[in-house]
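First up is the structure itself, then whatever we jot down about it.
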Amino acid sequence: MARLFLLLSAFAGFTGVALGAFAAHGLKSRLSPEYLAVFQTGTHYQLIHALALFGVALLSLHAPGRLLNLAGGCFALGILLFSGSLYLLTLSGIGKLGIITPFGGLAFLAGWLCLGLSAWNLTAR
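Residues in the sequence shown are numbered consecutively from 1179, following this note's numbering.
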């Protein structure tokens, strides 16, 4: 799983930087300041969770486990749902896409919970 999480981390980091630059340079004149801020929130959370995926990958090399795998999966799902819905919302103008965003936030929270539980179990070993 370490390889998968490293690949997902690299992909999320690369696309997060690319989308952030795209927003700053290509969308600045096309989006309202409010929508630009929403897009940048998507890139911000994507980049944070790209690093979280990197951490999960490294940890899984030393202490693999179901909770750690679940944490990585939740982080990846969170990026897709949270950041992805914000990107689509701002680029399409379809406000109903915002209904998806909280599910991505819940996936992020579940990922952090699983990571914390995984860490808790490390001290018990």
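The C-beta atom is built at its ideal place from N, Cα and C for all residues, glycine as well. Since the structure is predicted, the reported quantities are computational estimates derived from the model, not experimental observations.
| Asked | Found |
| --- | --- |
| Hey, could you find the ends of the alpha helix (DSSP H) Leu1266 is sitting in? | Gly1262 to Ser1270 |
| Any chance you could list the alpha helix (DSSP H) runs of at least 4 consecutive residues sitting entirely within the segment 1210-1251, in chain order? | 1211-1240 |
| Which first and last residues belong to the alpha helix (DSSP H) in which Ala1196 is found? | Ala1180 to Phe1200 |
| Output the distance between the C-alpha atoms of Leu1287 and Tyr1223, rounded to the nearest integer angstrom. | 12 Å |
| Is the CB-CB distance between Phe1183 and Gly1250 below 8 Å? | yes |
| Note down the Cα distance separating Gly1273 from Gly1233, rounded to an integer number of angstroms. | 34 Å |
| Would you say Thr1221 and Ala1201 are within 8 Å of each other, going by their C-beta atoms? | yes |
| If contact is defined by three or more beta carbon pairs under 8 Å, each pair taking one atom from either stretch, is the segment 1202-1212 in contact with the segment 1251-1267? | no |
| Can you look up Ser1296 in the DSSP assignment and give me helix, strand or coil? | helix |
| Out of Leu1246, Leu1214, Leu1300 and Gly1191, state which residue places its alpha-carbon closest to the alpha-carbon of Leu1229. | Gly1191 |
| Smallest Cα separation from Ile1257: which of Trp1298, Ser1187 and Ala1196? | Ser1187 |
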